[in-house]
Amino acid sequence: MKLSSAVRTRAIIQKHGFRFKKSLGQNFLIDDGTLQQITGAAELSPRDLVVEIGPGIGTLTERLAEVSGQIIVVEIDQNLLPILQETLGNWENVQVYLGDILKINLDQLVLEKSEGQFGPGGKRYKVVANLPYYITTPIVMKLLEEGYHLESMVIMVQKEVAERMVAPPGGKEYGALSVAVQYYSRSEIVTRVPKGAFLPPPEVESAVVKLIKRNEPAVSVTSETMFFRVVKAAFAQRRKTLLNALVNGGFGIEKQKWGELLGRLNIDGQRRGETLGLEEFAAIANRISAVL
Ligand code: SAM
149 MKLSSAVRTR AIIQKHGFRF KKSLGQNFLI DDGTLQQITG AAELSPRDLV
199 VEIGPGIGTL TERLAEVSGQ IIVVEIDQNL LPILQETLGN WENVQVYLGD
249 ILKINLDQLV LEKSEGQFGP GGKRYKVVAN LPYYITTPIV MKLLEEGYHL
299 ESMVIMVQKE VAERMVAPPG GKEYGALSVA VQYYSRSEIV TRVPKGAFLP
349 PPEVESAVVK LIKRNEPAVS VTSETMFFRV VKAAFAQRRK TLLNALVNGG
399 FGIEKQKWGE LLGRLNIDGQ RRGETLGLEE FAAIANRISA VL
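For the sequence shown, the working numbering begins at 149 and goes up steadily by one.
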């Protein structure tokens, strides 16, 4: 029987006396259709190395092992290790690593476990995960910002977070996360997932998103730090005009100077930050990098 059945999942956790930890975002997948959509979206083949963050009892891992070459799973909860030993022990292409995804250097881990075939200097690897929702944004930002040797990510996240990741300028979902995700990757929602697909059901709806990492960022900036500072400032006070948000952004540039600067870039300072596209944020950041 596949692990995705609710009966089997309950049986295995009872056998091991396992208790779900809400604090670790433990909601295990029990829906076959959702698992198929995740693996389908990841477009896996025996040539792939996949990193799965948070395998739980190994439900998704089992599916990944069927279609990929090598799978490295990173799990923080050591109480899951005996369960994973039972459920995945027969899969020779799966390696379990006990650790906190936020604390490890993933490129380094992949390089070691693949004996140099994947990671820096080798082939790009894929991430597939039903993420722990309490740290979705830090995980995604770490994977994108660290410049890891990644090809793509197919990840289950809270539905609202998925919508923010793919949001175009102008709407209330568009924010600093949208800009960051779109700067580093092409993103799309694969499917929405109801609460009933998990055991125990989470309090929120979910969605699977696919992020394909760009070879080069979406826009060219002279300083990424400055680009993200401008983005942060523009969204920090969403009800304010762009001009006022930038004046309060701690750049040490006076209002009049900001007005002139935006004018030269043909950007109306009376607009809200949330209406700016990536190109416009880049233009502002590049301009102030030049003058500061
Ligand atoms: N992949 C399994 C599934 O789909 O049934 C479980 C997904 S569950 C939503 C999230 C998993 O991430 C849990 O196994 C949890 O213990 C693990 N986890 C939580 N925080 C983590 C961290 N910082 N590093 C690695 N794994 C973590």
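Even for Gly, the Cβ is constructed at its ideal location relative to N, Cα and C.
The Cβ atoms of Pro348 and Asn175 sit closer than 8 Å to each other. By the CB criterion at 8 Å, Thr373 and Asn434 fall outside the cutoff.
Spatial neighbours of Gly344 in its own chain (CB-CB distance under 8 Å, excluding positions within 5 residues in sequence) are listed in chain order as Asp179. A Cβ-Cβ distance of about 6 Å is found for the pair Arg340 and Lys307, placing them in contact under the 8 Å criterion. Remark: the C-beta of Thr284 is outside contact range of ligand 1, defined as less than 7 Å to any heavy atom. Under the 8 Å Cβ criterion, the region 163-172 does not count as touching the region 241-248, having fewer than three qualifying pairs. Secondary structure note for Tyr245: its beta strand (DSSP E) is the uninterrupted segment Val242 to Leu246.
Under the three-state reduction of DSSP output, Ile249 falls in the coil class, being neither helix nor strand. Around the beta-carbon of Ser193, fewer than 16 other beta-carbon atoms lie within 10 Å, marking it exposed. Residue state for Val352 is assigned as coil, using DSSP reduced to three classes.
Following the DSSP letters along the chain, one finds Lys405 in no beta strand (DSSP E) but inside the alpha helix (DSSP H) bounded by residues Lys403 to Arg412. In this structure the region 311-321 does not lie against the region 198-216, because fewer than three pairs of beta carbons, one per stretch, are closer than 8 Å. Per DSSP, Asn278 lies in no alpha helix (DSSP H) segment; the continuous beta strand (DSSP E) that holds it begins and ends at Tyr273 to Asn278.
Under the DSSP assignment, Val221 falls in the beta strand (DSSP E) whose first and last residues are Gln218 to Glu223. Going by C-alpha positions, Gly237 is about 35 Å away from Arg362. If you look at Glu428, you'll find it in the alpha helix (DSSP H) that goes Leu426 to Val439. Excluding residues up to 5 positions away in sequence, Arg272 and Lys274 lie with their Cβ nearer than 6 Å to the Cβ of Glu299 in the same chain. Between the region 301-315 and the region 353-362 there are three or more C-beta pairs closer than 8 Å, enough to call the two in contact. In this structure, Val305 has its beta carbon at no less than 7 Å from each heavy atom of ligand 1. Gln226 has its CB no nearer than 7 Å to any heavy atom of ligand 1.
A residue is called buried when at least 16 other Cβ atoms come within 10 angstroms of its Cβ; Ile186 meets this threshold and is buried.
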